[in-house]
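Residue numbers (our numbering), protein chains in the order written: chain R, 826 to 1624; chain V, 957 to 1324.
Backbone N, C-alpha and C define an ideal beta-carbon position, used for all residues, glycine too.
Computed from a prediction, not measured in an experiment: that's the story for all the values here.
Notes follow the structure.
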Amino acid sequence: MRSPLALPLMLVGFCLSLSSPAWAQDVTLLPPALEVAAEAPYPEEAKRAGLEGAVELELVIGLDGHVTKASVVRSAGHGFDEAALAAGESFVFRPALRGGKPVVAKIRYTYSFRLERKDPPPPPSEAPDEESALPSAEPAAPAPGAAEATSDDEVPEEIEVRGEKEEREVPVRSLGREALRTMPGVNGDPLRAVTSLPGIARPPGFSDLFIVRGSSPAGSAAFLDGAFVPRPYHFGGLASVVPAELVDRIDFFPGNAAARYGRVDGGVVNIVTRSPSTDRHHAVGQIDLFDARLFAEGPVPGFRSWSFALGARRSWLDAWLGPVLESGGVSARTVPYYYDGQLFLETHPSSTSTLRIGMYTATDTMRIGVGKLADDDPSVAGGVANTSKFSRFQINYSGEWSKRTKASAMISVGSDDGDTRVGSVLAVSRVDIVSSRAEVAHELSSALTLRGGLDILAATVDLDLSVPKDPRPGQADPPPLVGQRFVRFDERGIVAARPAAFVDAVWTPTSALTLTPGLRADYTYEVGETTLSPRLNGRLVLRRGATGTALRGGIGIYRQSIDYNYVASAFGTSNLQSGRSVQGSLGVEQGLGEGSDVSLESFVKKLDNLVSHDAARGGPEANANDGRGQVVGLELLLKRRPSSHSRFAGFLAYTLSRSTRVDAPGQAERLFEYDQTHVLTAVGSVRLGRGFSLGGRFRYASGNPYTPCLGGSLSADAGLYGCVQGPPMSARVPAFAQFDVRLEKSWEFAQWKLSAYLDVQNTTNRSNPEQPLEKFDKSQRAYQPGLPILPIVGLRGEL
Amino acid sequence: VSRRETLRVFRWSPLAGALGVAVALAACDSPFPGPSRVESVRVLGAVMDNPIAHPGEEVHVALIVHDGGAPLDAPRPLEIAWFFGCHNPADDAPGNCYQPLGFLRDISAEAFAEHQTNPPAVPDGATLAYGAQTTVKLPDDIVATHRPIDEETVPRGLSYLFFAVCQGNLAPYAGTYSPAGIPITCRDATTGQEVGASRFVSGYVTLRVSETVRNDNPVLVSLQVGATAPSAVACTGDEGCPAGEGCGAAGRCLPVVARCTDKSVDDCPAVTLRPQLAESSFEADSSAPPDLVPTPPETLWISYFATAGELDGDSRMIVDPSEGRRPDGAFSGEWKLDPGFVGEARVFAVVHDNRGGGAVSSQDVLVR
């Protein structure tokens, strides 16, 4: 086999070798016009200091006139950036028109903050005080090259209208940087913030699982700028491996994702990192209960065309958690710690292209001697040890080859290492992995854009395992380790390759309707399987404006890659194939004016070809693709953005769903193990003035189903009890409810900004049951409680 | 095939569960006591004369039963029944025997009650027996009829011998899902009400069969409680016992342990439990795949039980398959008495190997 690097490298090289030709097309263009302008509150610190400023924003305006992306191009500091950004995100435009049809537009917009003087004005030598200065923040003259943001139709000559990818036709939910950082209860962690969105079940405590629309955790995936992230969270879901400072936004696709995403039948989380600042050097330092981090960005000294972002973080749990565990009777030799690092370099080879080179790594280590485990199983009396790390070298390119053609490419090369030991269990793995994406979008006409590309994943795997043989889904719980027969599996150079190609079209037959038909083809080298996955998404705008209405729907086939353990020579069955799901969704979006909107979406999934286990088949052929399942649900999202009239922002997310499985033909339907009938999240924050902000998050979720132990059956020769199981998934853990609060205070100084925050999780100290605990003879049951009240104090400095 | 996917190899395994438990324990302790304190009807182990038998051989099995709900010198009557007839169940899983043993539902409670005079009829191939010990004969074709496992595994057969121990009267279980697995329950002899786990234990003994492999039981020579070895001489009073011993209710000299005068059991002094194993206990695992060189040792572990007090670490490894044989002191037990407790107490040590072998020893002590 040729090197798995060859094809992706060729693709990237091809993309980089092409220059970006000048815009030559003669296109009749009507720029966007501002219809609803939100007024930004004047930053308190700046107001007290008598400072004025102007922030240059870059706004991407979607087909319906809403701002889909806003970023700061020229910073003014002192809180002006955040205020302007929040206001800019709330603007509503009449969309740009080309040939009479709406197109996505990107404009520059300058937001000016001016202090209004009372009459008579104070002497120039005196600084204005609060009584004498009435702050106002208003749209000001546009910066050079920016669009005039008024309601008239003047056309700035420099306006840029680009073939930006438009994702609104597929169900996507995005959280911006500020929302990610300040959400209560997540300690500023971006990925944990995403789990508050509708469609995501609450993960069990101490876990890092994404459970999306009733799919298995393995059915969802996280990507960093398009590259698969093997482990999005540090140990136990404490923090994501990507620090908030690097994140521009997170796009979450709960289902019916576009054809570019595959190999999963659940949700997709794409973490979009932001461009490093180019104006000057910035730095952020932060420390809290969990970790300390540093982040720096700015132009590369000596290479002004390049900018960099550099981040590093290390937990210090090991400094204080050990004594806590010891006092609780857990003999902690070394407690968990994690660290990660990132370096990104970015340049613009031309005015319309961006090249980014990134390196990132993350490591988690845990060593705990847990004496109590010996009660149940002496083979794990030595405790638990786990080290896992991954590192990536990644290149991203994006550019416009013409006004109508845009291309992007990504290649990511790296390795994942794992070393886990639990008593006699040994699991050492190394995966050398390369993933690559290349995508071209070409606008055939103002109504039709074609997109196509390749999505390649290839790896070599080394495994050294000493694990108990069997069991697989559908089997009874495995007996304790000590009595089991172990299998030693030492295999090197296992080759896995999963290339895929995709194509779709964005067709806008009328200004109100957008259809996106797509097709994805996947090949799985290990099992020699080729699959085709057709998809169709659409969006119909019934009414435009701040109180507009749109319908959205989609249907498609999605494939869940076969788990490696099901086909590995030591464990699995060689002729298994990927799971399949047919997904459909239909929803409505309704603008409520004043920066508020609501969306309601129903979804259904039919799962089949799931791997099931039938003992009657026996041995390595016991697995087969005859499991099936069904998921139905309803999602509600009510959002409120900050505006000039309200300092409150927040959202309410609710999911009603039911997910079931039939493990094998003839078996009864059972609930999916992470089925949660109700999941409700309410998040709100309010700016109190004087640099204070206060936020709260309330979560309610039905407990996960589980198969109850009716009693115990003693294996007398091993001296250990096994569970006599009742009807599958016939009991539920009691419901979860938690209220979190975050209070933040910021001080702005001439050159830097300091924030202090208190993030209190589980403010009411409610004892939330996480999972059932059984007495040794299975005669009594209790529930393991989740985290108690957890106040986290942190300091953050921004330069 | 990413790391995420590769790690799925491990997710189904008990490894993931153990990791989860470790994390959970980091957050909280179990609200339940461990298994070491014997306060109810308990089966502490089973000893077979032939832990790996040949096809067609007989195997004698004895249950180690203790009723911790009764004083040592006044035990309550126990009904013990054996159910034999499940061979090579699917996936070698004992849970897949519950259905084949469904015939037990058809035996009336009266038939169970009259088993000594009028044993109930059972299907061909099944056996119903009573008492703390039994002997069963394995089928001649049990290895031949076991489904092929894989190339590196020595061919074998498995049979499960189920038992039920009841402080009351055994009776068939009428419902669909029996808490005991097998459709048997235990009723109070007076009220006829079903009793709980404190008076009813059910389970199974795994009978391993091979045409080539044998396994000897470990040999637990003695269990020493405290600093001196027990003399076990007959006595009628303390004066007839050596120093450090007193005369027990059964007329034997027993080691004397000082009662704990502290307020908390955590503060009570620890009494060391020292098991002595014969060297023959340490075997190579002849069931291991032949290409494993050197042949790994047989796994051995020991579990401690006591009718009073607490044990720090109920079970300990003696021979760990990865770390090998541990030094003698590494698997000693530490026993702490309840504050203020005086009287006789019994301490048990049960040694298991991972191929069905077992040995048990107990020692009574006087707490004064």
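Beta strand (DSSP E) segment containing residue i, residue limits
i, result
"residue 913(R)", "It is not in any beta strand (DSSP E) - residue 913(R) instead sits in the alpha helix (DSSP H) that spans 905 to 915."
"residue 1606(R)", "1606 to 1610"
"residue 1049(R)", "1046 to 1049"
"residue 1480(R)", "1473 to 1487"
"residue 1387(R)", "Taken as a continuous stretch (DSSP letters only), residue 1387(R) belongs to no beta strand (DSSP E), as it is neither H nor E."
"residue 1632(R)", "No answer is possible for residue 1632(R): it lies beyond the span of chain R, which begins at 826 and ends at 1624."
"residue 1002(V)", "997 to 1004"
"residue 1083(V)", "1083 to 1086"
"residue 1231(V)", "1226 to 1233"
"residue 882(R)", "878 to 886"
"residue 1462(R)", "1448 to 1465"
"residue 1101(V)", "Careful: residue 1101(V) lies outside any beta strand (DSSP E) and carries neither H nor E."
Per-residue DSSP class, three states only, for residue i
i, result
"residue 1225(R)", "strand"
"residue 1142(R)", "helix"
"residue 1419(R)", "coil"
"residue 1171(V)", "coil"
"residue 1086(R)", "coil"
"residue 835(R)", "Note that residue 835(R) scores a pLDDT of 29, beneath 50, so its modelled location is shaky; the value from the coordinates is reported in the next line. Three-state DSSP puts residue 835(R) in a helix."
"residue 1186(V)", "coil"
"residue 1163(R)", "strand"
"residue 1323(R)", "strand"
"residue 1297(V)", "coil"
"residue 1597(R)", "strand"
"residue 1052(V)", "helix"
"residue 1028(R)", "coil"
"residue 1056(R)", "coil"
"residue 1057(V)", "helix"
"residue 870(R)", "helix"
"residue 1549(R)", "strand"
For residue i, the residue or residues it bridges with in DSSP
i, result
"residue 1578(R)", "1573(R) and 1623(R)"
"residue 1531(R)", "1556(R)"
"residue 1362(R)", "1341(R) and 1379(R)"
"residue 1261(R)", "1236(R) and 1281(R)"
"residue 1128(V)", "1140(V)"
"residue 1203(V)", "1209(V)"
"residue 1013(V)", "For residue 1013(V), which the question treats as bridged, DSSP gives no partner whatsoever."
"residue 1178(R)", "1224(R)"
"residue 1253(V)", "1240(V)"
Residue-chain proximity (residue i, chain R), Cβ-Cβ < 7 Å
i, result
"residue 1102(V)", "no"
"residue 1133(V)", "yes"
"residue 1122(V)", "no"
"residue 1320(V)", "no"
"residue 988(V)", "yes"
"residue 1085(V)", "no"
"residue 1312(V)", "yes"
Any chain V beta carbon closer than 7 Å to residue i
i, result
"residue 1259(R)", "no"
"residue 1544(R)", "yes"
"residue 1549(R)", "yes"
"residue 1536(R)", "yes"
"residue 1539(R)", "yes"
"residue 1602(R)", "yes"
"residue 1651(R)", "Limits of chain R in this structure are 826 at one end and 1624 at the other, which puts residue 1651(R) out of reach."
"residue 1082(R)", "no"
"residue 1607(R)", "yes"
Endpoints, alpha helix (DSSP H) assigned at residue i
i, result
"residue 1067(V)", "1065 to 1069"
"residue 1094(V)", "No alpha helix (DSSP H) holds residue 1094(V); DSSP gives it neither H nor E."
"residue 814(R)", "Only positions 826 to 1624 of chain R appear in the structure, and residue 814(R) is not among them; the question remains open."
Query raised in the report: What are the uninterrupted segments assigned as beta strand (DSSP E) that are 3 or more residues long and contained completely in the segment 1107 to 1138 of chain R, given in chain order?
Result: 1107 to 1112 and 1116 to 1125
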